[in-house]
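Going by the numbering used here, the sequence shown wraps up at 591, each residue one higher than the last. The next block holds one structure in the form of structure tokens; read it before the comments.
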Amino acid sequence: MAEEVGSPYNAILPAMFVGFGGGINSWGTICGSLVAPVALISGVVADKDVRGQMLEELMAWYIQFPFPEYQPSQLNLPRVAVGSTLCHISVSTWCNSEGACVAASSKEKKERCAGLSADVAKKTVQMLDDYMDTGTFVAVHKPNPVVAECMSCHADNPPFTQTKENCMNCHGSNLINIEECEPHKGMF
């Protein structure tokens with residue numbers, strides 16, 4: 404796009420995004436494949452509501468999509484929906500999945516992340532193309548319904564939090580004896 408369109412795309416330095424690999428220099432935070440697409444959507448979609456829907460779609464889709472679809476190395480890697488946009492959960496879930504069982508330092512894991520990055524780029528381009536063609540966008544993927552249940556209490560009550568990811572994926576039922584907490588009885 405930098406060559407075909409010029410500004411503002413020719414001002415974007417690809418090197419700005421290199422440090423996001425491995426969830427920001429291997430810290431395992433946000434999956435690095437999401438950073439450039441979020442920046443691109445934020446930079447080119449002026450309508451705040453549409454931009455919000457696109458970002459919502461991208462993040463919820465990422466959690467639910469069985470990666471990697473794109474596999475140029477022909478390793479026949481298992482496709483797994485990882486349930487989180489956090490790198491360490493995404494990688495750990497995939498590396499320990501049935502059919503993978505590989506080290507995070509393996510060639511297979513690197514190929515998986517490369518394919519995942521291509522899948523995320525493809526999804527982003529599809530969303531932007533559809534929006535540019537139609538002038539509308541509606542998110543199809545949504546956060547897990549348990550998130551609304553959790554956030555209905557914990558946005559304003561301890562333990563306070565802010566998320567759209569499924570808390571139970573990481574924290575399970577260890578949060579303040581959640582099974583014994585009156586509002587949570589019968590939920591799990």
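All residues carry an ideal CB built from backbone N, CA and C; glycine is no exception.
Beta-carbon contacts of residue i that lie in its chain and below 7 angstroms, excluding the five residues immediately before and after
i	result
His544	Glu460, Ala463, Trp464, Gln467
Ala507	Val494, Cys498
His491	Gly426, Gly431
Ser476	Glu514
Leu478	Glu511, Glu514
Ala521	Tyr473
Asn547	Asn569
Contact belief for residue i with residue j at Cβ below 8 angstroms, rounded distance in angstroms
i	j	result
Val494	Lys510	At roughly 14 angstroms, the Cβ-Cβ gap does not stay under 8 angstroms, so Val494 and Lys510 are not in contact.
Thr527	Pro440	4 angstroms
Val453	Phe540	5 angstroms
Leu489	Ala503	Not really, about 18 angstroms apart at Cβ, beyond 8 angstroms.
Val550	Glu568	7 angstroms
Tyr534	Val408	With a Cβ gap of about 16 angstroms, Tyr534 and Val408 do not count as contacting.
Ser487	Asn572	6 angstroms
Met404	Met457	With a Cβ gap of about 17 angstroms, Met404 and Met457 do not count as contacting.
For residue i, the residue or residues it bridges with in DSSP
i	result
Val483	Phe470
Leu489	Ile433
Own chain residues within Cβ distance below 6 angstroms of residue i, not counting five before or after
i	result
Leu519	Ser436, Phe470, Pro471
Gly446	none
Cys570	Cys553
Cys434	Thr488, Cys490, Ser493
Thr496	Val485
Same chain, Cβ closer than 8 angstroms to residue i, five either side skipped, listed in chain order
i	result
Val505	Cys498, Glu511, Lys512
Ala558	Thr564, Gln565
Ile444	Arg454, Met457, Leu458, Leu461, Thr527, Met530, Leu531
Validate contact between the segment 419–438 and the segment 515–530 using beta carbons, cut 8 angstroms, 3 pairs | yes
Please go through the segment 444–469 and give each complete alpha helix (DSSP H) segment of 4 or more residues, from N-terminal end onward.
-> 451–467
Alpha helix (DSSP H) segments (min. 4 residues) lying fully within the segment 502–542 | 510–537
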